[in-house]
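Trainee:
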Amino acid sequence: MTRWLAPSLGLAAILAVLPAFAHSELRRSEPAAGAVLDAPPAHVLLVFNERVQVTTLRLLDSAGHRIALQGDGSFAPSPEERAVVPALKPGRYRIDWAAISADGHEIAGRIPFEVRNPTR
Ligand SMILES: [Cu+2]
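Okay, here's the thing in structure tokens:
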């Protein structure tokens with residue numbers, strides 16, 4: 003058992019260093035992935051764990067048609083990207099995003115959400 007201990011500790015030390023080189027992550031978004039909203043969202047917000055260069059930020063309806071966002075296109079390196087959403091009808095939507103991670107890798111994701119019919 004003891005003879006395995008030293009190599010294990012060496013590996014643990016290496017693994018502990020690795021996250022420093024991992025690519026950036028999306029920490030949260032508004033709307034959140036899978037959100038079911040009672041009112042249409044006023045904006046889209048992506049929050050990353052560090053500065054990234056967002057290269058794509060698209061809002062699509064359930065038919066895959068793109069809905070223009072206001073304020074997308076600046077895309078300066080930042081930990082946050084925000085765009086204003088026009089009035090949305092009830093339905094299913096998704097946000098497609100892509101960014102250049104701080105380590106130079108491309109990261110991307112899809113955030114589905116739903117706007118419900120207003121309840122009476
Ligand atoms: Cu990476």
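Numbering follows our numbering, with no gaps: position 43 of the sequence shown is 45.
Virtual Cβ for every residue (Gly too), placed ideally from N, Cα, C.
Just so you know, these numbers come straight off a predicted model, no measurement behind them.
(1) Which residue marks the beginning of the beta strand (DSSP E) containing phenylalanine 77, and which one marks its end?
(2) Quickly, what does DSSP pair aspartate 63 with across the bridge? List them, please.
(3) For the putative contact between alanine 1 and glutamate 52, defined by C-beta atoms under 8 Å, what is the C-beta separation to the nearest angstrom?
(4) Please report the straight-line C-alpha distance between alanine 35 and aspartate 98, rounded to a whole angstrom.
(5) Isoleucine 69 and leucine 59: beta carbons closer than 8 Å?
(6) Between the Cα of histidine 25 and the Cα atoms of His107, Gln55, Glu82 and Ala37, which residue gives the shortest distance?
Mentor: Looking at the coordinates:
(1) Reading the sequence shown from its first residue, position 75 is the one you call residue 77. Unbroken run through phenylalanine 77: none, as it is neither H nor E.
(2) Residue mapping note: residue 63 aligns to position 61 of the sequence shown, counting from 1. BP columns for aspartate 63 point to Tyr95.
(3) This structure gives no information on residue 1, because the portion of the chain shown stretches from 3 to 122.
(4) The residue you call residue 35 lines up with position 33 of the sequence shown. The residue you call residue 98 lines up with position 96 of the sequence shown. In this structure, the CA atom of alanine 35 is about 11 Å from the CA atom of aspartate 98.
(5) Residue 69 sits at position 67 when you count from the first residue of the sequence shown. Residue 59 sits at position 57 when you count from the first residue of the sequence shown. No, Cβ-Cβ distance for isoleucine 69 and leucine 59 is not below 8 Å.
(6) If you number the sequence shown from 1, residue 25 lands on position 23. Histidine 25 has its Cα closest to that of His107, out of His107, Gln55, Glu82 and Ala37.
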